[in-house]
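FYI, the numbering for the sequence shown is 154 to 642, going by this note's numbering.
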Amino acid sequence: MRLDKLLERLKYEVVQGSSGIQVTTLVNDSRKVEEGSVFVCISGSVADGHRFISDVTEKGASAIVVERDVEAPENVTVIRVEDTRYALALMSAAYFGYPAEKLKIIGITGTKGKTTTTYMIRSILESVGHKVGLIGTIETLIGEERIPAANTTPESFTIQQYFAQMAEAGCDCVVMEVSSQGLMLHRTAGIPFEIGIFTNLGKDHIGPNEHKDFDDYKRCKGLLFKQCRLGIGNVDDKYFADVFQGAACRVETFGFSEKADLRAQDVKLVSRPGYLGVAYHVSGLMDFDVEIDIPGTFSVYNSLTAIAVCRHFNVPVEKIKEALKKATVKGRIEMIKVSDEFTLMIDYAHNAMSLESLLTTLKEYHPKRLVCLFGCGGNRSKDRRYEMGEVSGKLADLTIITSDNPRFEEPQAIIDDIKTGIGRTSGKYVEICDRKEAIKYAIEHGQPGDVIVLAGKGHEDYQEIKGVKHPMDERVLIAEILEELKEGK
């Protein structure tokens with residue numbers, strides 16, 4: 154492939170050599186360079202690709218793409234662009250033959266609700282014969298292939314590679330989570346989104362290696378609506394107008410508000426032994442009743458979002474209702490049967506906003522006690538710990554503080570920060586550092602009518618300690634605990 158073909162949608166300067174040369178591979182990881190590669194120098198938070206120029210040219214790279222002055226051997230072509238991350242995104246699209254243009258791509262951004270909504274949309278669209286690829290926090294789905302996710306929104310090269318594989322596998326649609334980090338780092342640059350969705354906005358992902366402040370977080374969310382044909386947004390969210398400021402797309406809205414184009418009305422909580430759900434009436438642009446097997450107001454928002462999208466694919470109402478009953482997501486209010494007397498669930502709630510939403514929802518079902526088990530990740534903002542501690546202290550009848558990916562911090566130090574937050578309330582708590590022991594305590598001390606939430610891990614099947622991810626799946630832990638308790642009896 155000719156280098157200028159990869160650069161055709163970019164503004165660039167040929168500093169040295171010729172853009173008409175042939176290249177073999179496009180890479181941004183110096184370890185993957187081979188003879189004839191074009192290497193894109195990305196300035197990352199951990200390493201700066203510009204520092205590896207001598208390494209990659211020795212390996213045979215025939216061209217490098219940079220965003221500042223560098224020294225390179227005379228036989229190597231040097232291309233300068235304003236932003237190498239943006240360049241990588243557009244070059245990756247060209248490298249794979251612009252696969253996104255063969256697909257209808259639906260992008261979802263927001264602080265919470267992205268994952269569940271992607272699975273709901275996929276379930277509805279597949280019920281009427283679409284073949285739908287999925288890219289998100291838990292995994293990437295390409296036909297029958299499941300690829301575990303490292304990032305909510307992968308690097309641009311990987312996204313375009315997935316799109317190419319999806320098109321090859323016969324997919325006609327893709328639904329993907331679009332994180333604010335992904336937007337900020339141009340991972341989704343150049344993607345022609347058919348529909349962009351805004352779920353909600355809360356104060357999260359602010360701190361070192363994330364967003365510098367809330368305004369930056371908000372601005373990055375809004376970038377999606379400058380590169381989609383149709384934007385669908387939650388008009389009830391107080392930051393709706395801010396996110397859609399400067400939007401270059403047609404806009405539709407959903408929510409509970411009378412001004413929403415698609416509205417949820419007459420919401421009823423549904424509770425039966427071993428079952429928590431919600432039913433409501435869809436009005437406005439559509440008119441029908443629906444019931445979801447996931448509890449709470451946020452389930453109304455998530456399903457209403459999916460309905461708002463699938464309306465544009467002309468999905469019959471009965472198919473929408475059937476598909477929403479079947480849509481489940483690992484680690485998102487995932488009920489695990491441990492007793493006939495109380496309910497236990499696993500959920501990914503790992504920040505104050507999502508935890509508050511979850512616990513508030515569950516309290517509406519009037520459990521005898523609401524028990525919340527959680528920890529906080531190491532090497533992340535301390536504010537998250539204080540806030541989550543305060544939320545659980547206020548809303549749960551009992552908080553069990555434990556570990557959750559301590560990384561390079563001491564688990565006890567993190568627990569102490571959470572206790573600081575709980576200390577602002579009159580909430581009761583116990584602290585059990587070992588997560589398995591904490592879960593065992595929750596099960597052993599479960600009372601009739603309790604709802605117990607294991608928050609924070611969700612779909613994750615590891616515990617990250619000092620740079621090593623140790624296998625740890627809460628479903629496995631629960632099975633082990635039940636077996637141990639059975640043997641103990």
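Glycine included, C-beta positions come from ideal geometry on N, C-alpha and C.
Check, Outcome
"Alpha-carbon spacing of residue 173 relative to residue 167, whole angstroms", "10 Å"
"Cβ neighbour criterion (16 or more within 10 Å) applied to residue 519", "exposed"
"Residues bridged to residue 338 [DSSP beta-bridge criterion]", "Residue 338 is not bridged to any residue."
"Rounded Cβ spacing between residue 631 and residue 592 (contact assumed at less than 8 Å)", "6 Å"
"Alpha carbon of residue 392 to alpha carbon of residue 635, nearest angstrom", "45 Å"
"Straight-line Cα distance separating residue 217 from residue 485", "43 Å"
"Unbroken alpha helix (DSSP H) run spanning residue 513, endpoints", "505–516"
"CA-to-CA distance, residue 583 to residue 537, given in whole angstroms", "19 Å"
"Nearest to residue 175 (by Cα), restricted to the options 386, 383, 533 and 159", "159"
"Nearest candidate by alpha-carbon position, reference residue 154, set 473, 219 and 248", "248"
"Straight-line Cα distance separating residue 212 from residue 236", "24 Å"
"Cβ pair count under 8 Å reaching 3, the stretch 467–486 against the stretch 266–285", "yes"
"CB contact check: residue 566 to chain D, cutoff 9 Å", "Annotation note: the requested chain D is absent from the structure, which comprises a single protein chain."
"Per DSSP, cross-strand counterpart(s) of residue 442", "434"
"Integer-rounded CB distance, given that residue 457 should sit under 8 Å from residue 417", "5 Å"
"For residue 387, the first and last residue of its enclosing beta strand (DSSP E)", "381–387"
"Helix, strand or coil at residue 616 [DSSP, three-state]", "strand"
"Distance between residue 563 and residue 619 (C-alpha atoms, nearest Å)", "9 Å"
"Collapsed DSSP secondary structure at residue 454 in the structure displayed", "helix"
"Buried versus exposed, by CB contacts within 10 Å (16 or more), residue 495", "buried"
"Option nearest residue 566 by Cα separation, candidates 539, 552, 549 and 544", "539"
"Residue 316 versus residue 289: straight-line alpha-carbon distance, rounded", "13 Å"
"Cβ-based burial, residue 589 [other Cβ within 10 Å; buried from 16]", "buried"
"C-beta contact flag for residue 511 and residue 580 at 9 Å", "no"
"Rounded straight-line distance, which links the Cα of residue 585 to that of residue 637", "18 Å"
"Rounded separation between residue 257 and residue 434 - CA only", "29 Å"
"Residue 438 versus 408, 376 and 210, residue with shortest Cα-Cα distance", "408"
"Proximity below 9 Å, CB of residue 350 to CB of residue 312", "no"
"Reference residue 263, options 301, 332 and 207, closest by Cα", "332"
"Residue 431 beta carbon less than 9 Å from that of residue 447", "yes"
"Beta carbon of residue 381 nearer than 9 Å to that of residue 260", "yes"
"Simplified DSSP assignment, three categories, for residue 670", "Past the boundaries of the shown model lies residue 670; the chain is included only from 154 to 642, so the question cannot be answered."
"Neighbourhood of residue 124 by C-beta, 6 Å cutoff - its chain only, sequence neighbours within 5 removed", "Nothing about residue 124 can be reported from this structure: the residues present for the chain run from 154 to 642 only."
"N-terminal and C-terminal residue of the alpha helix (DSSP H) that residue 396 is part of", "393–396"
"Neighbourhood of residue 445 by C-beta, 7 Å cutoff - its chain only, sequence neighbours within 5 removed", "430, 431, 452, 456 and 477"
"Within 9 Å, strictly: CB atoms of residue 324 and residue 284", "yes"
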